[in-house]
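Numbering (the working numbering), first residue to last: 1179 to 1345.
Note that CB positions come from ideal geometry on N, CA and C, so glycine has one too.
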């Protein structure tokens, strides 16, 4: 079932609630930085819209930060930092607004919401908090977010393994 078809449902499963995305998260623009290849001096990943774009010396975010592609073809792409990292100006840093939200669940939820479709259509498409905060978002209770995140993580690993075997 797509996010668009789910949004037309009148009822959600017991315990689930509808929220506007902006009530659950805030997004903050990354900062421009010069990209370097990975070496002994530059080992901190720099995340852009399509994941790791280069390396630097100093992190701007902790491991486990959700990064959302902000501009261009990869707007709406969702990544999770594996280590302390830098978020470039081509991406947004996602902050969960309370402790009843599971970051692993939100990683999958943000992918499913297809936020790239909320971009401003210019020569260089871009998304912003203003464009995505009104997105209707179904949210299960925390215990279910945690269970779903484990299941979705496992399914993602299987998909990645199958891709490696077929390419």
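Close-in-space but distant-in-sequence residues of the same chain around residue i (CB under 7 Å, 5 per side omitted)
i, result
"residue 1285", "1244, 1256 and 1258"
"residue 1214", "1220, 1232, 1233 and 1234"
"residue 1331", "1282"
"residue 1226", "1266, 1268 and 1269"
"residue 1339", "none"
"residue 1327", "1280, 1282, 1283 and 1286"
Candidates the options: closest to residue i by CA position
i, options, result
"residue 1315", "1189, 1196 and 1190", "1196"
"residue 1208", "1246, 1194, 1267 and 1333", "1267"
"residue 1251", "1292, 1203, 1205 and 1219", "1292"
"residue 1229", "1219, 1206 and 1260", "1260"
Pairwise C-alpha distance: residue j and residue i
i, j, result
"residue 1224", "residue 1329", "28 Å"
"residue 1277", "residue 1325", "16 Å"
"residue 1312", "residue 1218", "43 Å"
"residue 1323", "residue 1194", "10 Å"
"residue 1279", "residue 1200", "13 Å"
"residue 1295", "residue 1287", "15 Å"
"residue 1333", "residue 1303", "31 Å"
"residue 1253", "residue 1198", "20 Å"
"residue 1271", "residue 1289", "14 Å"
"residue 1306", "residue 1247", "10 Å"
Burial state of residue i, where buried means 16 or more other Cβ atoms lie within 10 Å
i, result
"residue 1335", "exposed"
"residue 1264", "buried"
"residue 1342", "exposed"
"residue 1202", "buried"
"residue 1337", "exposed"
"residue 1299", "exposed"
Beta-carbon contacts of residue i that lie in its chain and below 8 Å, excluding the five residues immediately before and after
i, result
"residue 1262", "1222, 1237, 1239, 1240 and 1241"
Beta-carbon proximity list for residue i, same chain, < 6 Å, skipping 5 on both sides
i, result
"residue 1204", "1273"
"residue 1212", "none"
Ordered list of beta strand (DSSP E) runs contained in the region 1285–1339, each at least 3 residues: 1314–1317
Where in the region 1241–1291 do unbroken runs of the alpha helix (DSSP H), each at least 4 residues long, occur, reported from the N-terminal end onward? 1281–1290
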